[in-house]
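Trainee:
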Amino acid sequence: MDAIRAVLFAYQQGGFSRVVVESDSQVTIKMVKRERVVAVEVDIILFNIQTAIREFQEVIFIFAPRSFNKTTHEVATFACKVGGSYYWDFVHPYWLFKP
768 MDAIRAVLFA YQQGGFSRVV VESDSQVTIK MVKRERVVAV EVDIILFNIQ
818 TAIREFQEVI FIFAPRSFNK TTHEVATFAC KVGGSYYWDF VHPYWLFKP
């Protein structure tokens, strides 16, 4: 959930108005979509996410099992190792699809 909050803040700063957020945590996606009771431990993070959502024209949250989306897993692994925030438009990062 902390990663979702960080992504939304990064996209706000990047000037994006429409965002699709994928996560392999079905529980997190359900909490963000208000389909599940919020755990007390993440209540403040969820509040930050709900506040950030209001700044966009559209935000879509999608559950994507890790086994179905190898690319998402690879990007998350890379970002955790290297640090920082990453996004791309149209041209994918070379390291992700190199032979």
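Quick note: the sequence shown uses our numbering, first residue 768, plus one each step.
Ideal Cβ placement from N, Cα and C applies to all residues, glycine included.
No experiment lies behind these values; they were computed from the predicted model shown.
#1: Where does SER814 sit, in a helix, a strand or coil, going by DSSP?
#2: May I have the straight-line CA-CA distance separating PHE783 from PHE845, to the nearest angstrom?
#3: Just to check my reading of the structure: ASN815 and ARG785 have Cβ atoms closer than 8 Å, yes? What is that Cβ distance to the nearest angstrom?
#4: Considering ARG801, what are the terminal residues of the alpha helix (DSSP H) in which it resides?
#5: Just how far apart, CA to CA, sit ALA806 and PHE823?
#6: Answer with buried or exposed for THR795, where buried requires no fewer than 16 other C-beta atoms within 10 angstroms of its C-beta.
Mentor: Checking against the coordinates, here is how it stands:
#1: It should be pointed out that residue 814 corresponds to Phe in this sequence rather than to Ser. Correct three-state label for PHE814: helix.
#2: The C-alpha of PHE845 is placed about 23 Å away from the C-alpha of PHE783.
#3: Rounded, the Cβ-Cβ distance is 20 Å, inconsistent with contact.
#4: Per DSSP, ARG801 lies in no alpha helix (DSSP H) segment and is marked neither H nor E.
#5: Looking at the two C-alpha atoms, the distance is approximately 25 Å.
#6: Counting Cβ neighbours within 10 Å, THR795 comes out buried, since at least 16 surround it.
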